[in-house]
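Residue numbers (the numbering used here), protein chains in the order written: chain A, 3 to 123; chain C, 3 to 123. Glycine included, C-beta positions come from ideal geometry on N, C-alpha and C. Presented below is the structure to which this report refers.
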DNA sequence: CTGCATCCTCTTGGATACTG
DNA sequence: CAGTATCCAAGAGGATGCAG
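Written out as structure tokens, the structure is:
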């Protein structure tokens, strides 16, 4: 059994739904991975994540902060500077996410082939 | 460094986007976890996953099949019987997903508290 | 620089009805 | 039983403009 009974039951009753939504979020995964290397500034994150809008970056960071995964530090200089870093719990999630990303890297080729062969039918 | 340079670069150029979308998908995660325990019938999955619509179950399974993560087996009896099971690669992803679900279990409490305390402000 | 507010579009996904 | 097809509502998310 890969999944314990307790978890299976949790799946069916959707108690995990809200947490999995966090993990499954498009941008959260990328942000968690990047912050795994250390603190980053807002503008730094924005440049590092290709295709993210300012709105989504802010919303995602707020949501990560709300979940206790990220800490937001404001330095009131002019112009202001804001740094984001993982909390200890955030780091443990970042580890999981990194593992998932490595899986993606390892199997990207396979998935691409599967898709092409499926679509060929 | 939790994330290798290669992956960081992949993140910024979004080459991983399509694979992460798969992983991040709401229903895919649950289905992968359930199938980790062994093959399941369509109706079985439907009953096991609370809140999923017939439409989404079918769409998600098709998409998993397309990615080479799930195998669909039709037994042409009356009524027809369709079984779904993980491919070898699907099993490796299921392991990752199970790990993520266990993380969720471990930190559900913490996240709940963080949210309540954040919202209290 | 770091954001918030608004508008507006497009996708996601639920409900329902119908088929082999 | 295991889908497919259609319709439709809700929400995600981009673009833009403004503010501290």
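Residue i to residue j span [Cα, whole Å]
| i | j | result |
| --- | --- | --- |
| residue 105(C) | residue 118(A) | 34 angstroms |
| residue 95(C) | residue 57(A) | 31 angstroms |
| residue 110(C) | residue 21(A) | 7 angstroms |
| residue 88(A) | residue 40(C) | 36 angstroms |
| residue 115(C) | residue 31(A) | 21 angstroms |
| residue 108(C) | residue 107(A) | 27 angstroms |
| residue 113(C) | residue 72(A) | 12 angstroms |
| residue 65(C) | residue 19(C) | 15 angstroms |
| residue 16(C) | residue 79(C) | A caution first: residue 16(C) carries a pLDDT of 47, below 50, which makes its placement in the model too unreliable to give a value. |
| residue 86(A) | residue 47(A) | 9 angstroms |
| residue 74(C) | residue 27(A) | 28 angstroms |
| residue 43(A) | residue 67(A) | 14 angstroms |
| residue 120(C) | residue 91(A) | 16 angstroms |
| residue 49(C) | residue 98(A) | 29 angstroms |
| residue 8(C) | residue 55(C) | Summary for residue 8(C): the model assigns pLDDT 48, below 50, so the residue's position carries little reliability; its value from the coordinates is reported in the next sentence. Computed Cα separation, rounded: 39 angstroms. |
Cβ distance (whole Å) where residue i is taken to contact residue j below 8 angstroms
| i | j | result |
| --- | --- | --- |
| residue 29(C) | residue 62(C) | 4 angstroms |
Neighbourhood of residue i by C-beta, 7 angstroms cutoff - its chain only, sequence neighbours within 5 removed
| i | result |
| --- | --- |
| residue 103(C) | 35 |
| residue 82(A) | 76 |
| residue 69(C) | 24 |
Residue i classed as buried or exposed, judged by whether at least 16 other C-beta atoms fall within 10 angstroms
| i | result |
| --- | --- |
| residue 100(C) | buried |
| residue 53(A) | exposed |
Cβ shell of residue i (< 6 angstroms), same chain only, five flanking positions each side left out
| i | result |
| --- | --- |
| residue 37(C) | 88 |
| residue 51(C) | 32 |
Neighbourhood of residue i by C-beta distance below 8 angstroms, restricted to the same chain and skipping five residues each side
| i | result |
| --- | --- |
| residue 122(A) | none |
| residue 84(A) | 43, 44, 74, 75, 76, 77 |
| residue 93(C) | 38 |
Between the stretch 33-48 of chain A and chain C, which residues of the former have a C-beta closer than 8 angstroms to a C-beta of the latter? 35, 36, 38, 39
Could you please tell me which residues of the stretch 69-84 of chain A, in chain order, have their CB closer than 9 angstroms to any CB of chain C? 69, 70, 71
Proximal residues, the stretch 101-119 of chain A versus chain C, C-beta separation under 9 angstroms: 101, 102, 103, 104, 105, 106, 107, 108, 109, 110, 112, 113, 114, 115, 116, 117, 119
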